[in-house]
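Inspection log for the structure reproduced underneath, given as structure tokens.
In our numbering, the protein residues as written are 6 to 74.
Have a look at this one:
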């Protein structure tokens, strides 16, 4: 694997984690403002993590594979 592909992969991972963190924070803040229980907030955060990782991570992976194929 080339150095540029390693850098692209690391950037994709960092970008996915950052986006997931921001999405979780926004979901939790919205749910707290609407008086959801802590269990519901936790479930919402897990759901947001899954969806964000699936879409953003999948997009980053597809872009990296297409670029370096």
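All C-beta atoms in this analysis are idealised placements derived from N, C-alpha and C, irrespective of residue type, glycine included. This structure is a prediction, so every number in the text was calculated from the model and none was measured.
Q.
So residue 15 and residue 58 are supposed to be a Cβ contact under 8 Å. How far apart are they, rounded?
A. Not a contact, Cβ separation roughly 16 Å.
Q: Helix, strand or coil for residue 55, going by three-state DSSP, please let me know.
A: DSSP places residue 55 in the helix class (H, G or I) of the three-state scheme.
Q.
Could you give the first and the last residue of the continuous alpha helix (DSSP H) run that contains residue 17?
A. Per DSSP, residue 17 belongs to the alpha helix (DSSP H) from 8 to 38.
Q: For residue 28, collect the residues of the same chain with a Cβ closer than 7 Å to its Cβ; drop the 5 residues on either side in sequence, then sort them by chain order.
A: Counting only Cβ-Cβ distances below 7 Å, and skipping sequence neighbours, we find 53, 57.
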